[in-house]
Amino acid sequence: MTGLAARPLLGERRGQVVLGDANGVAVVHWDPLRRTSRWGRPARRSRPLRNFGDLLGPLIVSRLAQGLPRASGDPRLVAIGSILHFAEPGDVVWGTGLNPKGPADATIAGTLDVRAVRGPRTAESLRALGAEVPAVYGDPALLLPRVFPALASRPAPPRHELTVVPNLNELAPRATFPAGWRRDIVNPRSPVRGILRRIRHSQLVVGSSLHAIIAAESLGVPARAVATRHEDPFKYEDYYLGTGRDPRGLLAASVDEAIDMGGAPALNWDPGPLLASFPSDLWH
């Protein structure tokens, strides 16, 4: 996977978010400090959470910004993840979504420079707050095989029959998961490169980690999202709608049900508008 950094970009930390430096543009992404181990046990000191999906933002933006002149004026770009509640006045938004647990600030929404959002539900919510939102939908993680071409070709046959990637809120010691698929669990706090490699080599990916599902579908790997009591279905439905699919009946209620259902219907989505909306003007 040439060109894909094994470690996330590191930048200035501001509370729960980190501003990754993408050639002069501050890429806002969520990476709080937590006093827990990789599997959720108490730890002696705080460490960055390093959640797989949230680290994709600076990686993808930095790759798309390669070859562009260094930006001036300290622009901020909010890209990837349900992190619009961390936006500040005047931020540029590209492919981000809302999180019902942290709604957008009505006093800020109208100041945002929105180029694209994850899906129409995020768009509707922002418009109701006074933001101008184009009908350009899609999570930038869908562009993974285009920005990292080495990911585009799938090995045959897949090495792993099943990969299960839970949401951070469901992390627990591995022994607490059902024995039937315990060995197939991938921790979302594992290195990004390793998770992408595992997904690429899988026959089916299921779980409540939305970005594991998005990454799998971008690579042509069948995937099924699991909506549990820990996660509001908003983000999954927003993503499915943004990729041309009716979310009704697409979400599994458990990993076992997701395995029985198999992969969701294929994407009905054109990457062209999302790529064209990338705010390359920030680097001029």
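Taking this note's numbering, the leading residue of the sequence shown gets 416, the next gets one more, and so forth.
For glycine and all other residues, C-beta sits at the position ideal for the given N, C-alpha and C.
Check your understanding: Is it right to say A546 is buried, meaning 16 or more other beta carbons lie within 10 angstroms of its own, or is it exposed?
Key -> buried
Review point. Would you say the beta carbon of R604 comes nearer than 7 Å to a heavy atom of the ligand ADP?
Key: With respect to small molecules bound, the structure shown includes none, and the ligand ADP cannot be examined in it.
Exercise for review: Jot down the residue ranges of each uninterrupted beta strand (DSSP E) in the segment 606-690, minimum 3 residues, whole runs only, in chain order.
Suggested key: 620-622, 638-640
Exercise for review: Output the boundary residues of the beta strand (DSSP E) element that contains V476.
Suggested key: Unbroken run through V476 is the alpha helix (DSSP H), 467-479; no beta strand (DSSP E).
Practice item. Going by CA-CA distance only, name the one from A594, G496, I629 that's closest to I610. Key: I629
Check your understanding: Taking C-alpha atoms, which residue in G622, H616, P593, S617 lies nearest to P603?
Key -> G622
Check your understanding: Is S633 buried or exposed, if buried means 16 or more other CB atoms sit within 10 Å of its CB?
Key -> buried
Point to revise | Residue nearest to T578 in terms of C-alpha spacing, selected from V529, P637, D528, G525 | key: P637
Point to revise | Short Cβ contact (8 Å threshold) for L471 with A531 | key: no
Check your understanding: Looking only at its own chain, which residues have a Cβ that is under 8 Å from the Cβ of G505, when we skip the five neighbours before and after it?
Key -> R491, T526, L527, D528
**Study point:** Given 8 Å, three or more beta-carbon pairs between the segment 658-666 and the segment 687-696
**Key:** no
Check your understanding: Tell me, which residues are paired with I600 by DSSP?
Key -> V579
**Study point:** Identified DSSP bridge partners for E427
**Key:** L434
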